[in-house]
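Peer 1:
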Amino acid sequence: MDNSQRQSGAGLRVLLTLAGVVVVVAGLKAAATLLQPLLVSVFLAVLSLPLLNWLQSRRVPRALAVMLTFLSVLLVVTVLVTLVGGSVTGFSEAAPRYQQRLQVIVDSLTAWLQGRGVEIPREVTTEMINPGIVIKMAGDLFRLATSLLSKTVLILLLMVFILFEAAALPAKLTAAFGKGKDSDGWYSRIRVEIQRYLVIKTVISMATGVIVGLSLWILGIDFPLLWGLLAFMLNYIPQLGSVLAALPTVLLAIVQYGFGRAIAVVVIYTAVNMVLGNMVEPYFMGRRLGLSTLVVFLSMVFWGWVWGPLGMLLSVPLTMIVKIALENSGDFRWAGVLLDAQPPEPD
Numbered sequence: 015m016d017n018s019q020r021q022s023g024a025g026l027r028v029l030l031t032l033a034g035v036v037v038v039v040a041g042l043k044a045a046a047t048l049l050q051p052l053l054v055s056v057f058l059a060v061l062s063l064p065l066l067n068w069l070q071s072r073r074v075p076r077a078l079a080v081m082l083t084f085l086s087v088l089l090v091v092t093v094l095v096t097l098v099g100g101s102v103t104g105f106s107e108a109a110p111r112y113q114q115r116l117q118v119i120v121d122s123l124t125a126w127l128q129g130r131g132v133e134i135p136r137e138v139t140t141e142m143i144n145p146g147i148v149i150k151m152a153g154d155l156f157r158l159a160t161s162l163l164s165k166t167v168l169i170l171l172l173m174v175f176i177l178f179e180a181a182a183l184p185a186k187l188t189a190a191f192g193k194g195k196d197s198d199g200w201y202s203r204i205r206v207e208i209q210r211y212l213v214i215k216t217v218i219s220m221a222t223g224v225i226v227g228l229s230l231w232i233l234g235i236d237f238p239l240l241w242g243l244l245a246f247m248l249n250y251i252p253q254l255g256s257v258l259a260a261l262p263t264v265l266l267a268i269v270q271y272g273f274g275r276a277i278a279v280v281v282i283y284t285a286v287n288m289v290l291g292n293m294v295e296p297y298f299m300g301r302r303l304g305l306s307t308l309v310v311f312l313s314m315v316f317w318g319w320v321w322g323p324l325g326m327l328l329s330v331p332l333t334m335i336v337k338i339a340l341e342n343s344g345d346f347r348w349a350g351v352l353l354d355a356q357p358p359e360p361d
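Counting in the numbering used here, the sequence shown runs from 15 upward without gaps.
(1) If you measure between the beta carbons of Met81 and Val167, is that distance less than 9 Å?
(2) With distances taken Cα to Cα, identify the nearest neighbour of Trp231 among Trp319, Ile119, Leu212, Ala267.
(3) Which value, in whole angstroms, describes the spacing of the CA atoms of Gln117 and Arg205?
(4) Quick one: grab the DSSP three-state call for Val148.
(5) Does the Cβ-Cβ distance between Leu243 and Ser62 come in under 9 Å?
(6) Between Leu370 and the rest of its own chain, which residues show a CB-CB distance below 8 Å, the 5 nearest in sequence each way excluded?
(7) When the Cα atoms are used, what is the spatial distance from Ala152 to Ser106?
(8) Are the beta-carbon atoms belonging to Leu265 and Ala278 less than 9 Å from one another?
(9) Secondary structure at Leu26, three-state DSSP: helix, strand or coil?
(10) Where are the beta strand (DSSP E) runs, 3 residues long or more, that stay fully inside the region 311-352, in chain order?
(11) Given this structure, state the Cα-to-Cα distance separating Arg347 from Glu295, to the nearest angstrom.
(12) Taking the CB atoms as reference points, tell me whether Thr284 and Ser313 lie closer together than 9 Å.
(13) Start and end of the alpha helix (DSSP H) containing Tyr112?
(14) Which residues mark the beginning and the end of the alpha helix (DSSP H) in which Gln70 is found?
(15) Roughly how many angstroms lie between the CA atoms of Arg203 and Pro262, to the nearest whole one?
(16) Flag Ile251 as yes when its Cβ comes closer than 8 Å to any non-hydrogen atom of the ligand GDP, and as no otherwise.
(17) According to the Cβ coordinates, are Ser240 and Gly34 closer than 9 Å?
(18) Considering Ser256, what are the terminal residues of the alpha helix (DSSP H) in which it resides?
(19) What's the gap between the Cα of Ala125 and the Cα of Leu233?
(20) Just to confirm, are Leu405 and Val37 a CB contact at a threshold of 9 Å?
(21) Going by the CB atoms, is the gap between Ser229 and Met247 shorter than 9 Å?
(22) DSSP three-state label for Ile251, please.
(23) Apply the 10 Å Cβ neighbour rule to Met326 and answer buried if 16 or more other Cβ atoms are within range, or exposed otherwise.
Next up, the structure:
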C-alpha cells in the first residue's frame, strides 16, 4: 500500500510539473509583447555591467556611472539604427533593378533546362519574380524598423532602472533567503556566466560583421555595410545564423556578377564561420557555455517558436538561465544535468 501510494504521488507530481510547464510556456507566448522589451533590457544591462563597474572603479559616483553607461548604449543604438535605416532604404530603392536582373538569370536558366528536356511552367518563374513580393518585403522591413524604434525608449529606460537595482539585488536575496550558497549564489552564477557569454559572443559577432562587410566591399557586392550588420546580428543565432546571413548575399552576388563571385562569397562566409565560430569562440568560451550541441539546437527551435526571431537570438542565454535554475533545484537537478554538455564528475 505504501509503495502504491508512493508511486501515485510520484505520478501526480510529474503530471503537475508537466501542467505547470505548459502553463508557463503558454504564458510566455501570450505575454511576448510585454516580456520581450523587458528581456532585451535585462540582457543589455548585463552586457553593460563591465562598463558600469569600470566607471565605478574609477571612483565615478554610481548615479553618474549609470547615466554615462546609458548614454554609451544610446549612442551605439543610434548609430546602428541610422546605419540599418539608411542601408535598408537604399536596398529597397535598388530592389527593382535586382528584380530585372534576376528575371534575366531565371529566364536563362529556364531556357537552359528546357533545352535539356526539363519543363518549368511559366507561372512558377513569374511568381518567383513577383513585384508584389518586393513591395511587401520593403513594407515589412519598414514596419519592423518602426516597431523596434518605438520600443527603444522603453528598453533603455528599463535598462537604467535595472542597472540602479543591480547593486542592491544580492543583498536583497541574502535578506530574503538567508546566508549560504543557495541565497545569492545562483544569482551571481547566472550574472557571471551570462555576462561572459554575451561579451564574448558580441565581440566575436562584431569581428564577424567587420570581416564580412570588408570582404564584400572588396568583392564589390552592393550594400556591404548592410550585410555586415546582418552577419553581426544573426551570429547570435547558434548553428543556423551564419547560413541565414549568407543566403541573401549569395543571391545578390549571383544577380550582380554571376555564379563565380557567388562562390567567392560562400568561401568567405565558410572561412569566417570556421575560424571564428569553430576555433576562436570555443577557445574563449571553454566549457562555460555548458550546453550540449543538441540542447543548443533544440533551444533555438523552442525559443524561436515561443518568441520568434528574438527568441532565436537569445535562445542560448535563456537556456543557460533555465539550466542554472534547475541545477540549484533539489527536485529538478536531474533536468539540469541532462542539459549539460558533459556528465557530472563522480563523487
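Ideal Cβ positions, reconstructed from N, Cα and C, are used throughout, including at glycine.
Because the structure is a prediction, the values reported are computed rather than measured.
Peer 2: According to the structure data:
(1) By 1-based counting over the sequence shown, the position of residue 81 is 67. By 1-based counting over the sequence shown, the position of residue 167 is 153. Result no, Cβ atoms of Met81 and Val167 do not sit closer than 9 Å.
(2) Here the question's residue 231 lines up with position 217 in the sequence shown. Of the candidates Trp319, Ile119, Leu212, Ala267, the one whose C-alpha sits nearest the C-alpha of Trp231 is Ala267.
(3) Your numbering for residue 117 matches position 103 in the sequence shown. Your numbering for residue 205 matches position 191 in the sequence shown. Approximately 51 Å between the Cα atoms of the pair.
(4) In the sequence shown, counting from the first residue as 1, residue 148 sits at position 134. Reliability fails at Val148, whose pLDDT of 46 lies under 50, so the model's placement of it is uncertain and no value is given.
(5) Here residue 243 refers to the residue found at position 229 when the sequence shown is read from its first residue. Here residue 62 refers to the residue found at position 48 when the sequence shown is read from its first residue. Contact flag unset, no.
(6) Outside the displayed range of the chain (15 to 361) lies residue 370, so it cannot be described from this structure.
(7) As a position in the sequence shown, residue 152 is number 138, starting the count at 1. As a position in the sequence shown, residue 106 is number 92, starting the count at 1. Bear in mind that a pLDDT of 47 at Ala152, under 50, signals an unreliable position, so the number given afterwards is only what the model happens to contain. Approximately 6 Å, taken between the alpha carbons.
(8) Here the question's residue 265 lines up with position 251 in the sequence shown. Here the question's residue 278 lines up with position 264 in the sequence shown. Against a cut-off of 9 Å, the Cβ pair of Ala278 and Leu265 comes out as no contact.
(9) To locate residue 26, count along the sequence shown from 1; it is residue 12. Note: Leu26 maps to helix in three-state DSSP.
(10) none
(11) By 1-based counting over the sequence shown, the position of residue 347 is 333. By 1-based counting over the sequence shown, the position of residue 295 is 281. Roughly 28 Å separates the two Cα atoms.
(12) Start at 1 with the first residue of the sequence shown, and residue 284 comes out as number 270. Start at 1 with the first residue of the sequence shown, and residue 313 comes out as number 299. Cβ distance not < 9 Å, so Thr284 and Ser313 don't count as in contact.
(13) As a first step, residue 112 is located in the sequence shown; it is residue number 98 there, counting from the start. First-last of the alpha helix (DSSP H) with Tyr112: 76-128.
(14) Residue numbering aside, residue 70 sits at position 56 when the sequence shown is read from its first letter. Element bounds for Gln70: 46-71.
(15) For the purposes of this step, residue 203 is identified with residue 189 of the sequence shown, where counting begins at 1. For the purposes of this step, residue 262 is identified with residue 248 of the sequence shown, where counting begins at 1. In a straight line, the C-alpha of Arg203 is about 39 Å away from that of Pro262.
(16) Ligands are entirely absent from the displayed structure, and the ligand GDP is therefore not among its contents.
(17) Position 226 of the sequence shown holds residue 240. Position 20 of the sequence shown holds residue 34. Here the sequence assigns Leu to residue 240, which means Ser is not the residue at that position. No, the pair does not count as a contact, with Cβ atoms beyond the cut-off.
(18) Within the sequence shown, the letter at position 242 stands for residue 256. Ser256 -> alpha helix (DSSP H) spans 255-271.
(19) Mapped onto the sequence shown, residue 125 falls at position 111. Mapped onto the sequence shown, residue 233 falls at position 219. Cα-Cα distance, rounded: 29 Å.
(20) Outside the displayed range of the chain (15 to 361) lies residue 405, so it cannot be described from this structure.
(21) Here the question's residue 247 lines up with position 233 in the sequence shown. Here the question's residue 229 lines up with position 215 in the sequence shown. No, the Cβ-Cβ distance between Met247 and Ser229 is not below 9 Å.
(22) As a position in the sequence shown, residue 251 is number 237, starting the count at 1. Correct three-state label for Ile251: coil.
(23) The residue given as residue 326 occupies position 312 in the sequence shown. Answer is buried; the Cβ neighbour count reaches 16.
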